[in-house]
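Using my numbering, read the sequence shown as starting at 368 and increasing by one per residue. Before any comments, here is the structure.
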Amino acid sequence: PALDAHAARLAAGAGAPFAGVNFVHTDHQYLAGLHPPGVPAAARRVARAHGFSPYVVVRRKALVLDDVRDYPRFSPNEAVDFSGIRAYLGAPLTDHDGFVLGTLWAAAREPRDWGREALALVKTLAAEVAPLVRGTAGA
């Protein structure tokens, strides 16, 4: 998919093994862009409870988790239990009216200090990606 390249940019810039662009719906998430690429379309639909992007959508602001196990609210999560994710960095993709369409995120299987530079990067890239996804969030 076309959004894989944007996920790859975040992964490279943040030094993360995983990154994505996703849309959060009431009952699921659609991973419209992924790094590393090659995930078939059928596997890009995951449960809403999987991962941390739904929290970004609700909060309407970036979320930085250097070690998800340090946060009781986030440590019992399918992304931790089944995918081994230990660190997450995500920012909302918003439309002109401030409605959150989805997220741009990076993740790792080991704890990490994302730092201010990675936070600034995810916010900057999210602002660049948001205009590209407006009108495509219905997957």
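Ideal Cβ placement from N, Cα and C applies to all residues, glycine included.
Exercise. Below 7 Å between beta carbons: does that hold for LEU377 and GLY400?
Worked result: no
Exercise. Exposed or buried, which one is VAL467 when buried takes at least 16 other CB atoms within 10 Å?
Worked result: Buried, since its Cβ has 16 or more Cβ neighbours within 10 Å.
Problem set entry | Rounded C-alpha distance that separates HIS392 from LEU499 | 18 Å
For this session: With a threshold of 16 other CB atoms inside 10 Å of the CB of HIS402, please say whether the residue is buried or exposed.
Result: buried
Problem set entry | Own chain, CB closer than 6 Å to GLY387, minus 5 neighbours either side, in chain order | For GLY387, the CB contacts under 6 Å within the same chain, skipping 5 residues up- and downstream, are ALA374, LEU398, GLY400, LEU401 and TRP472 in chain order.
Problem set entry | Three-state secondary structure (DSSP) of ARG426 | helix
For this session: Please classify THR491: does DSSP put it in a helix, a strand, or coil?
Result: helix
Exercise. What is the C-beta distance between ARG501 and ASP462, in whole angstroms, given that I count them as a contact (C-beta under 8 Å)?
Worked result: 5 Å
Exercise. Using DSSP with H/G/I as helix, E/B as strand and the rest coil, what is ALA485?
Worked result: helix
Exercise. Would you call the stretch 404–415 and the stretch 424–433 touching, i.e. three or more CB-CB distances under 8 Å?
Worked result: no
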